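S.K.: Below are the structure tokens for one structure; questions will follow.
2 protein chains.
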Amino acid sequence: MIRQKAVVLSSGGIDSTTVMAIAKHEGFEIYSLSFFYGQRHASELNAAKSVAAALGVAKHLVIRTDFQPIGGSALTDDIAVPKHRSKENMAEEIPVTYVPARNTIFLSYALGYAEVLRASDIFIGVNAIDYSGYPDCRPEYIEAFERMANLATKAGVEGIIKTKIRTPLLYMTKAEIIRKGTELGVDYSLTHSCYDPSPEGLACGQCDSCILRKKGFKEANIQDPTEYI
Amino acid sequence: MIRQKAVVLSSGGIDSTTVMAIAKHEGFEIYSLSFFYGQRHASELNAAKSVAAALGVAKHLVIRTDFQPIGGSALTDDIAVPKHRSKENMAEEIPVTYVPARNTIFLSYALGYAEVLRASDIFIGVNAIDYSGYPDCRPEYIEAFERMANLATKAGVEGIIKTKIRTPLLYMTKAEIIRKGTELGVDYSLTHSCYDPSPEGLACGQCDSCILRKKGFKEANIQDPTEYI
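Here the protein sequences come in this chain order: A and B. Quick note on numbering: the first sequence equals residues 12 to 240 in the working numbering. Quick note on numbering: the second sequence equals residues 12 to 240 in the working numbering.
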């Protein structure tokens with residue numbers, strides 16, 4: 012039996028790893044795609060690699076690229092990563108950790124890869140609840156991208172492939188995501204969330220991403236396997 | 012007086028160079044953006060640099076990235092670049108020189124850069140006449156990208172910037188493009204079109220791109236300054 016292929020964007024974090032487990036559970040042959048773009052640390056990439064191996068992907072591809080010359084974000088620039096923001100602020104403001112057009116760039120590469128693979132499904136772990144401050148995590152953005160995608164490619168235009176941008180986590184809380192992944196057998200000790208880890212790769216426990224992670228495990232009533240500083 | 016900023020995608024070829032001259036003529040301060048993505052040769056990038064200097068851009072940015080692992084094109088893979096195709100074939104078929112989702116990826120970076128610069132106009136030299144075989148050179152694709160772009164960014168969502176994807180060459184023939192550029196003072200000897208240049212960077216004169224270029228100058232009744240092998 013030939014399995015349908017899917018491209019899964021992977022950061023090595025909780026969300027994209029859960030998405031990958033969901034895609035696998037749906038029966039897809041997984042092609043995971045990660046980016047090395049001048050993050051301050053390689054922990055994310057190592058996590059993405061471990062996750063890909065654990066979930067038995069057909070191929071894990073790392074694209075090297077460069078956002079640094081463009082600027083505009085605390086994740087690639089020398090702006091300090093903010094700590095201890097309130098939940099309200101995190102939901103309402105567009106955070107400085109926002110990388111301009113990042114999801115658009117990632118999805119564009121995924122679209123090219125999907126076309127080459129003849130894969131119709133592209134999975135991305137966007138979430139409109141915890142990341143409501145990021146414009147490119149909202150459903151109307153995803154729909155607009157999908158529409159554009161089906162006009163962008165040879166396979167789309169020839170009617171061979173109808174591209175679908177799959178966002179199974181869109182309306183899930185972090186706790187629901189963690190419960191879902193746990194149910195599907197995800198080993199979250201392999202994943203990495205921290206924006207600002209120690210040189211040894213330990214999570215800081217204080218940035219937005221660590222706070223959301225801790226809170227998620229707590230609310231899911233599942234033990235957090237993360238080793239914090 | 013503060014001039015409006017524009018991001019101009021530049022390959023160092025005739026089309027993007029003419030687009031840049033048009034943007035300059037409209038009064039924009041130009042931020043040119045080129046990509047180094049494992050092309051077989053660096054002639055394109057050298058041309059883009061010379062063009063940026065000649066047109067006095069505010070900044071010329073080169074993004075290094077990588078399409079090779081994705082595969083799917085004669086421009087980044089080891090498929091031979093086709094020579095001497097008929098004009099009919101060039102217009103009807105999607106050529107093997109098509110890079111999956113390339114314009115989508117380029118425009119996505121341009122969108123990120125534009126957001127950081129607070130620039131509303133992104134110029135791209137797509138053409139629906141000579142490149143009708145490329146899905147991502149058609150007006151319906153450009154409109155869909157623009158719509159998505161205005162949902163993708165902080166500046167778009169906050170209503171600070173309405174992104175416009177500017178395609179002044181969309182319905183121009185190569186001869187019309189060359190006439191327009193010449194009128195605006197473009198020095199086409201700085202530009203590079205060939206898909207398959209000699210090791211010294213000389214144009215082959217035989218690939219699709221060289222054929223279109225030669226034909227364009229001939230029809231425009233303007234001398235082609237290109238040195239062919």
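C-beta: ideal position from N, C-alpha, C; glycine also. Just so we're clear, the structure is a prediction, and the values are computed from it rather than from any experiment.
Cα-Cα, which of B/Cys148, B/Asp132 and B/Cys221 is closest to alanine 166 of chain B?
M.R.: Alanine 166 of chain B has its Cα closest to that of B/Asp132, out of B/Cys148, B/Asp132 and B/Cys221.
S.K.: For proline 236 of chain A, count neighbouring C-beta atoms within 10 Å of its own C-beta (all shown protein chains included) and say buried if the count is 16 or more, exposed if not.
M.R.: Result: exposed.
S.K.: Go ahead and pull the three-state DSSP assignment for serine 43 of chain A.
M.R.: DSSP places serine 43 of chain A in strand when its eight states are reduced to three.
S.K.: So the alpha helix (DSSP H) aspartate 219 of chain B belongs to, where does it begin and stop?
M.R.: Unbroken alpha helix (DSSP H) run through aspartate 219 of chain B: 219 to 231.
S.K.: Would the beta-carbon of isoleucine 33 of chain B fall within 8 Å of that of isoleucine 189 of chain B?
M.R.: Against a cut-off of 8 Å, the Cβ pair of isoleucine 189 of chain B and isoleucine 33 of chain B comes out as no contact.
S.K.: Just to confirm before moving on: does the CB-CB distance between serine 8 of chain B and alanine 59 of chain B stay below 8 Å?
M.R.: Because residue 8 of chain B is not part of the residues shown, which for chain B are 12 to 240, the question remains open.
S.K.: Taking 8 Å as the CB-CB cut-off, is lysine 247 of chain A touching chain B?
M.R.: Limits of chain A in this structure are 12 at one end and 240 at the other, which puts residue 247 of chain A out of reach.
S.K.: If you count every other CB in all the chains shown that lies within 10 Å of the CB of glutamate 99 of chain A, and 16 or more means buried, which is it?
M.R.: Residue placement at glutamate 99 of chain A is poorly supported in this model, since its pLDDT is 47, which falls under 50; the coordinates still yield a value, given next. Looking at its Cβ environment, which holds fewer than 16 other Cβ atoms inside 10 Å, glutamate 99 of chain A is exposed.
S.K.: Mark serine 220 of chain B as exposed unless 16 or more other C-beta atoms lie within 10 angstroms of its C-beta, in which case mark it buried.
M.R.: When all chains shown are included, serine 220 of chain B counts as buried.
S.K.: Buried or exposed: where does lysine 173 of chain A fall if 16 or more other Cβ atoms within 10 Å of its Cβ makes it buried?
M.R.: Classification for lysine 173 of chain A: exposed.
S.K.: Rounded to whole angstroms, how far is the Cβ of leucine 128 of chain A from the Cβ of lysine 35 of chain A, which I believe are closer than 8 Å?
M.R.: In fact, because the Cβ distance is near 16 Å, the residues do not count as touching under 8 Å.
S.K.: What residues in its chain sit with their C-beta under 6 Å from that of leucine 195 of chain A, if we drop five residues either side in the sequence?
M.R.: Cβ neighbours of leucine 195 of chain A beyond the five flanking positions: Ala32 and His36.
S.K.: Give me the DSSP bridge partner(s) of alanine 17 of chain B.
M.R.: DSSP lists B/Ile41 and B/Asp132 as partners of alanine 17 of chain B.
S.K.: Which two residues bound the contiguous beta strand (DSSP E) that contains histidine 203 of chain A?
M.R.: Neither: histidine 203 of chain A is in no beta strand (DSSP E) and is coded neither H nor E.
S.K.: DSSP three-state label for valine 73 of chain B, please.
M.R.: It is a strand residue.
S.K.: Using DSSP bridges, identify the partner residues of isoleucine 176 of chain B.
M.R.: Per DSSP, B/Ile133.
S.K.: Quick one: using the 10 Å Cβ neighbour count with 16 as the cut-off for buried, is tyrosine 182 of chain B buried or exposed?
M.R.: So tyrosine 182 of chain B counts as exposed.
S.K.: Find the nearest neighbour of alanine 69 of chain A within the set A/Phe46, A/Val18, A/Asn57 and A/Ile116, judged by alpha-carbon distance.
M.R.: Of the listed residues, the one whose Cα sits closest to alanine 69 of chain A is A/Val18.
S.K.: Using a cut-off of 8 Å between C-beta atoms, extract the partners of methionine 159 of chain A located in chain B.
M.R.: By Cβ distance, chain B contributes Thr115, Tyr152, Ala155, Phe156, Arg158 and Met159.
S.K.: Count the other C-beta atoms from every protein chain shown that fall within 10 angstroms of the C-beta of proline 210 of chain B, then say buried if there are 16 or more, exposed otherwise.
M.R.: Exposed, since its Cβ has fewer than 16 Cβ neighbours within 10 Å.
S.K.: Tell me the DSSP bridge mates of alanine 214 of chain A?
M.R.: A/Tyr239, per the DSSP bridge assignment.
S.K.: Among B/Tyr124, B/Asn161, B/Pro179 and B/Ala121, which has the Cα closest to the Cα of arginine 149 of chain B?
M.R.: Arginine 149 of chain B has its Cα closest to that of B/Pro179, out of B/Tyr124, B/Asn161, B/Pro179 and B/Ala121.
S.K.: Given that a residue counts as buried once 16 or more other Cβ atoms are within 10 Å of its Cβ, and exposed if not, what is glutamate 157 of chain A?
M.R.: Flag for glutamate 157 of chain A reads buried.
S.K.: Are the C-beta of threonine 174 of chain B and some C-beta of chain A separated by less than 8 Å?
M.R.: False, the Cβ-Cβ gap to chain A never drops below 8 Å.
S.K.: In its own chain, which residues sit with a C-beta less than 8 Å from the C-beta of glutamate 187 of chain A, not counting the 5 before and 5 after it?
M.R.: Hits under 8 Å: Ala231.
S.K.: Pull up the CB-CB distance for lysine 191 of chain A and threonine 29 of chain A, whole angstroms please, since I reckon it's below 8 Å.
M.R.: Confirmed, about 6 Å.
S.K.: Taking 8 Å as the CB-CB limit, is arginine 177 of chain A close to chain B?
M.R.: With 8 Å as the cut-off, arginine 177 of chain A does not count as an interface residue toward chain B.
S.K.: Taking the straight line between their C-alpha atoms, what separation do you get for proline 146 of chain B and glycine 123 of chain A?
M.R.: The alpha-carbon atoms of proline 146 of chain B and glycine 123 of chain A are separated by roughly 13 Å.
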